[in-house]
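A.B. asks: If you read the sequence shown in our numbering, its first letter stands for residue 645, the second for the next number, and so on. Let me give you the structure first, and then I'll get to my questions.
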Amino acid sequence: MPSSGGDARVIIRETYSVVDWFNDGENLLAIGYGFEHGSSFYKLPINGERPELLGEIADYWASLSADNSKIIFSRYGDAHRESYRGPLNGDLHLYDIESKSYSRLTDTEYTERYPVYSHFSNSIFYAMSDGDNYQLVRVDDLDFERIFKASDLPRFSVRDISIARSNDRLVFEHFNEIYKYDPTKISRDRVEKLQIDLALDIWENPIREHGMKDEISDYAVSKSGKLISFNYKFDNFVVPAKGGEPKALTGDHSGWAKTEFIDDRNLILFKLHKGKDTLFRARIDKEISLEPVRWFGADSLSVNNINRDEFGRWQIRYRDHKNAGRIALADSSFQKIRPMDIDELVISNFSINKSGSHAAYVTLDDKHFMRGLYIYDFASDSHRKVLSDQYNISNIHWTKDNRSLIFTRNRNLYRLDLLPRDEFEYDEDPWAEILNPQTETDSSKAETQDDAAPEIDDVTVDEDGLYVMEIKIEPEAETPVAIEWEGIDKRLYLLYEGQSSNLYPIKVLSDSTFLFVEQSWFNTSKAGLYKGDIYGKNKKEEATFSTESNSFKLYGDTLYYLEKGALKSYGLDKGKRKDIHIALEYSYDESKMNQKVFEQAWGNFADNFYDPNMHGMDWNELYEEYLPYAQKALNINEIAAVIDEMVGDLNASHTGFTPRADEDSSYKSIAYLGVEFDYSETLKKGIRISKVYPNTRLSAFYKVKEGDLLTQLDDVDIDRYTPIDSLLVGKVGKIISFKIERDGEIISGQLSGIDGRAARKLWCD
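What follows is the structure in structure tokens.
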């Protein structure tokens, strides 16, 4: 659009980025992307004609010389890694448009970025790292042996330099401020903050409101089934299973919190607090308050998970700075907490048998990435490896007789025998009742006698005239654990194999039977609850669930699950299904929630960074320095800028932060044809093909060759103004018709548009 104002018009509907203007005011210097060279320089006419390729190698921080004959640009480096050294640090390069030649201008210890040509003198300005920050510097006549330092900023870096076309005045980004450079001033006064006063109120109400019905993302159920805790968006709530208005467990927008009930009025949860996932205890009352749990890691460790087994015993999975997957055990009241001394990362549940004498678990060797299945003996405080495995093992259960373990291995169900078993031990002989009828008679008598009411010696009668008696239930004697270690790793047997699905046990019913759930990988088939046996001989379907069902959890004899966010249950005893409806009027403060994102990012880096000394930086001090900026951030993208600056102070590669997408955006992929086009010349009709990928329909079936002319796509004639990308938007997997011309001959045909990944693979081949 004109600088004086007016209507804006589209220049081109293709994927290019603009970096500078040509002097004629009719063309732009742009960046396009291709498989062969990556980023390339293009001359983009503003009249809508097809761009012309200028140079195969390019980068986004580039500037045209005053006479438009050369392009200076930076390669590699990182805006927030001022101390980068080695192959990843950035340098300046020069491209001569006429001779199509490249030359490297700098080769220093650190990085140079953001070069701009002066349109007023023979100078080039750019940002150069001094090891701590990027400073503004100048060179004249491309003499990089004589560098004039224009800034000496003690904190934060010079970035994104922009230069006036009529003089050498500059503006640049300085973290959260804009600075200016005025060459007419003396020495240090040349660089100063640019005062910008906006007569505009940019305040926006940060409160967001949502009405929710049956859209929860996680849940827990109390022992009696009367109370439900659930997560919605950035907070957690409790609600009676019969309905009612939910009460807030958390209101600080700290995100998802794992919750489990101790009883109907008390629960345990962990949530984000001061950068760490911290354990809290909550009592359900008219007013709900959270109290930090006292344990050995309360002030220093992050909790990864909490679980309660069917016998009421708790497990805490936490991480120290060395490793995640640490295990601690707690009693049923969550009062006594004991750490388990296990060196390697525990990646499975810590499965304790009913009597509490032994536990089974799986570790990961982080050097060789092998899994190890272990048995722990509580009495001797000893760990012994059962086997090593390349596959994941999870959801470990003990059989009732303590002779075998049932678990998921590589998505299928397996049994490991601690003692050798007779595979026919539970088989019944159909001839028995025929050849030995006395057996059945005796059995019937025994059952009759067992079912008979006991005699009552001392009868007492209550006030209603009913008998009162004391019933004593003797605890079931459990078979002690015995292990035959010799050959134990050979006693691993496949029981049930999924068909593109995951299988996992949820409950052991007897010495020989158990329940398991099967879920398809991509929701392509219904989920199912099945009853199986320890020899994998029988598989009985107990119930099926929709393809959208997930998050199955067993509480007592009731299986709960989510279906499209709605909580449902299935009773194991009678097969009764129930819908548990949850509704909520929810509001949150987006500004407050974004501050929690900053806190979480800071805490995650502290917990996960490979160097516990944080590269010599005081990580707590950096938190206090950057927190005020996070508190003033207006949106998640500004939070991301603050986090990027803070993380950049660590000067570490392979680190960064990607913000969430607040708004739903639709993106249609561009289809590829299996060819590349020649942008070095602009033709009035069609576009020339510069390369044909092998093993494609165009090369193998239509025999298309380099130099052929693509003249039509889906009945649209191609001329110098036709945007090729736009014709291919949303065409992945769809039939595309084409016409190609060679020496006056027309080749007409059809092909299926392929996606970028497939196209890149073909290009590599």
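C-beta atoms are modelled at their ideal positions from N, C-alpha and C, and glycine is treated no differently. The structure displayed is predicted, hence computed values, not measured ones.
Starting from the N-terminal side, write out each stretch of the alpha helix (DSSP H) that is 4 residues or longer and does not extend beyond the stretch 1015 to 1061.
C.D. replies: As far as the stretch 1015 to 1061 is concerned, it has no whole alpha helix (DSSP H) run of at least 4 residues.
A.B. asks: For Val1105, collect the residues of the same chain with a Cβ closer than 6 Å to its Cβ; drop the 5 residues on either side in sequence, then sort them by chain order.
C.D. replies: By 1-based counting over the sequence shown, the position of residue 1105 is 461. Residue placement at Val1105 is poorly supported in this model, since its pLDDT is 38, which falls under 50; the coordinates still yield a value, given next. Answer for Val1105: no residue qualifies.
A.B. asks: Could you say which of Leu1357, Asp862, Asp907 and Glu836 lies nearest to Leu871 if we only look at CA atoms?
C.D. replies: Against the sequence shown, residue 871 aligns to sequence position 227. Among Leu1357, Asp862, Asp907 and Glu836, the Cα nearest to that of Leu871 belongs to Asp907.
A.B. asks: When we look at the beta-carbon of Leu732 and count the other beta-carbons within 10 Å, is it buried (16 or more) or exposed?
C.D. replies: Taking the sequence shown and counting its residues from 1, the one referred to as residue 732 is at position 88. That one is exposed.
A.B. asks: Closer than 6 Å by C-beta to His1041: which residues in its own chain qualify, once you throw out the five before and the five after it? Chain order, please.
C.D. replies: The residue given as residue 1041 occupies position 397 in the sequence shown. If we look at His1041 and ignore the five residues flanking it on each side, its Cβ neighbours are Ile1050, Pro1149 and Val1152.
A.B. asks: Please report how far the alpha carbon of Lys877 lies from the alpha carbon of Ser861, in whole angstroms.
C.D. replies: Residue 877 sits at position 233 when you count from the first residue of the sequence shown. Residue 861 sits at position 217 when you count from the first residue of the sequence shown. In a straight line, the C-alpha of Lys877 is about 8 Å away from that of Ser861.
A.B. asks: What are the boundary residues of the beta strand (DSSP E) that Asp1233 is part of?
C.D. replies: Here residue 1233 corresponds to residue number 589 of the sequence shown, with the count starting at 1. Counting along the chain, the beta strand (DSSP E) containing Asp1233 begins and ends at Ala1227 to Asp1233.
A.B. asks: Could you pull out every unbroken alpha helix (DSSP H) segment of at least 4 residues lying fully inside the stretch 1211 to 1288, listed in chain order?
C.D. replies: Runs of the alpha helix (DSSP H) inside the stretch 1211 to 1288: 1234 to 1252 and 1263 to 1276.
A.B. asks: CA-CA distance, Cys1408 and Lys1349?
C.D. replies: Indexing the sequence shown from 1 puts residue 1408 at position 764. Indexing the sequence shown from 1 puts residue 1349 at position 705. Roughly 18 Å between the two C-alpha positions.
A.B. asks: Apply the 10 Å Cβ neighbour rule to Tyr758 and answer buried if 16 or more other Cβ atoms are within range, or exposed otherwise.
C.D. replies: Position 114 of the sequence shown holds residue 758. Label assigned to Tyr758: buried.
A.B. asks: Please list the segments of the beta strand (DSSP E) lying wholly inside the stretch 1115 to 1167, counting only runs of 3 or more residues, in order along the chain.
C.D. replies: Counting whole runs of 3 or more residues, the stretch 1115 to 1167 contains the beta strand (DSSP E) stretches 1136 to 1140, 1145 to 1152 and 1157 to 1164.
A.B. asks: Look at Pro1419 and Arg657 and say whether their C-beta atoms are less than 8 Å apart.
C.D. replies: Outside the displayed span of the chain (645 to 1409) sits residue 1419, for which this structure offers no information.
A.B. asks: What number of angstroms, rounded off, separates the C-alpha of Leu1371 from the C-alpha of Leu1357?
C.D. replies: What you label residue 1371 is simply residue 727 of the sequence shown in a count that begins at 1. What you label residue 1357 is simply residue 713 of the sequence shown in a count that begins at 1. Near 7 Å, if we compare the C-alpha coordinates of Leu1357 and Leu1371.
A.B. asks: For Pro731, which three-state DSSP category applies?
C.D. replies: As a first step, residue 731 is located in the sequence shown; it is residue number 87 there, counting from the start. Helix, per DSSP.
A.B. asks: Return yes when the Cβ of Ile716 is within less than 8 Å of the Cβ of Tyr761, no when it is not.
C.D. replies: Sequence index remark: in the sequence shown, residue 761 carries index 117 (1-based). Sequence index remark: in the sequence shown, residue 716 carries index 72 (1-based). Their beta carbons are under 8 Å apart, which means Tyr761 touches Ile716 by this criterion.
A.B. asks: Taking 8 Å as the cut-off, decide whether the C-beta atoms of Ala702 and Phe685 are in contact.
C.D. replies: Along the sequence shown, read from residue 1 onward, the residue named residue 702 stands at position 58. Along the sequence shown, read from residue 1 onward, the residue named residue 685 stands at position 41. Yes, they are a contact pair.
A.B. asks: Does the beta-carbon distance from Ser1156 to Tyr1070 come in below 8 Å?
C.D. replies: For the purposes of this step, residue 1156 is identified with residue 512 of the sequence shown, where counting begins at 1. For the purposes of this step, residue 1070 is identified with residue 426 of the sequence shown, where counting begins at 1. Against a cut-off of 8 Å, the Cβ pair of Tyr1070 and Ser1156 comes out as a contact.
A.B. asks: For Gly1109, which residues from the same chain have a beta carbon less than 7 Å from its beta carbon, with the 5 sequence-adjacent residues on both sides left out?
C.D. replies: Residue 1109 sits at position 465 when you count from the first residue of the sequence shown. Its pLDDT being 35, under 50, Gly1109 is placed unreliably by the model, and the measurement read from it follows with that caveat. Answer for Gly1109: no residue qualifies.
A.B. asks: Determine the burial state of Asp879: buried for a count of at least 16 other Cβ atoms within 10 Å of its Cβ, exposed for fewer.
C.D. replies: Within the sequence shown, the letter at position 235 stands for residue 879. Counting Cβ neighbours within 10 Å, Asp879 comes out buried, since at least 16 surround it.
A.B. asks: Candidates Ala901, Pro1338, Thr1326 and Val1373: which alpha carbon is nearest Thr1355's?
C.D. replies: In the sequence shown, residue 1355 corresponds to position 711, counting from 1. Ranking the options by Cα distance to Thr1355, first place goes to Thr1326.
A.B. asks: Is the Cβ-Cβ distance between Ile1178 and Thr1043 less than 8 Å?
C.D. replies: Your numbering for residue 1178 matches position 534 in the sequence shown. Your numbering for residue 1043 matches position 399 in the sequence shown. Cβ atoms of Ile1178 and Thr1043: closer than 8 Å.
A.B. asks: Evaluate the contact criterion for the stretch 803 to 817 versus the stretch 768 to 780: three or more CB pairs, one atom per stretch, below 8 Å.
C.D. replies: Touching, yes, given that three or more Cβ pairs across the two stretches are closer than 8 Å.
A.B. asks: According to DSSP, simplified to helix, strand and coil, what is Glu1077?
C.D. replies: Counting from one through the sequence shown, the residue named residue 1077 turns up at place 433. Helix.
A.B. asks: Considering only the beta carbon of each residue, do Lys902 and Asn949 sit closer than 8 Å?
C.D. replies: In the sequence shown, residue 902 corresponds to position 258, counting from 1. In the sequence shown, residue 949 corresponds to position 305, counting from 1. Yes; because the gap between Cβ atoms is below 8 Å, this pair is in contact.
A.B. asks: Starting from the Cα of Met772, find the closest Cα among Phe978, Asp796 and Trp900 and give me that residue.
C.D. replies: Residue mapping note: residue 772 aligns to position 128 of the sequence shown, counting from 1. Of the candidates Phe978, Asp796 and Trp900, the one whose C-alpha sits nearest the C-alpha of Met772 is Asp796.
A.B. asks: Leu688 and Leu672: beta carbons closer than 8 Å?
C.D. replies: Sequence index remark: in the sequence shown, residue 688 carries index 44 (1-based). Sequence index remark: in the sequence shown, residue 672 carries index 28 (1-based). Yes; because the gap between Cβ atoms is below 8 Å, this pair is in contact.
A.B. asks: Count the C-beta pairs between the stretch 1230 to 1246 and the stretch 1207 to 1220 that are closer than 8 Å, then say yes if the count reaches three, no if not.
C.D. replies: No contact exists between the stretch 1230 to 1246 and the stretch 1207 to 1220.
A.B. asks: Using three-state DSSP, classify Leu1406 as helix, strand or coil.
C.D. replies: As a position in the sequence shown, residue 1406 is number 762, starting the count at 1. Leu1406 falls in the helix class under three-state DSSP.
A.B. asks: Anyone know if the C-beta pair for Arg1135 and Pro1064 falls short of 8 Å?
C.D. replies: Position 491 of the sequence shown, counted from the first residue, corresponds to residue 1135. Position 420 of the sequence shown, counted from the first residue, corresponds to residue 1064. The answer is yes: Cβ separation under 8 Å.
A.B. asks: When we look at the beta-carbon of Met1113 and count the other beta-carbons within 10 Å, is it buried (16 or more) or exposed?
C.D. replies: Within the sequence shown, the letter at position 469 stands for residue 1113. Any answer about Met1113 is weak, because its pLDDT of 29 lies below 50 and its placement is not dependable; what the coordinates show is given next. With fewer than 16 other Cβ atoms within 10 Å, it is exposed.
A.B. asks: Which value, in whole angstroms, describes the spacing of the CA atoms of Ala864 and Val883?
C.D. replies: For the purposes of this step, residue 864 is taken as residue 220 along the sequence shown, with counting starting at 1. For the purposes of this step, residue 883 is taken as residue 239 along the sequence shown, with counting starting at 1. Near 11 Å, if we compare the C-alpha coordinates of Val883 and Ala864.
A.B. asks: Cutting at 6 Å between CB atoms, please list the residues of its own chain near Gly853, excluding the five before and the five after it.
C.D. replies: Residue mapping note: residue 853 aligns to position 209 of the sequence shown, counting from 1. Per the sequence shown, the amino acid found at residue 853 is Glu instead of Gly. Within the same chain, Glu853 has close Cβ partners Ser1231.
A.B. asks: Taking DSSP's pairing of strands, which residues face Gly1393 in a bridge?
C.D. replies: Counting from 1 along the sequence shown, the entry for residue 1393 is found at position 749. Phe1382.
A.B. asks: So is Trp1263 buried or exposed if we call it buried at 16+ other beta carbons inside 10 Å?
C.D. replies: Along the sequence shown, one-based indexing puts residue 1263 at 619. Under this definition Trp1263 is a buried residue.
A.B. asks: With which residues is Leu1203 paired in a DSSP beta bridge?
C.D. replies: The residue you call residue 1203 lines up with position 559 of the sequence shown. DSSP output for Leu1203 lists Leu1198 and Tyr1214 as bridge partner(s).
A.B. asks: Determine whether the beta carbon atoms of Lys1222 and Lys1212 lie at a separation below 8 Å.
C.D. replies: Mapped onto the sequence shown, residue 1222 falls at position 578. Mapped onto the sequence shown, residue 1212 falls at position 568. Contact flag set, yes.
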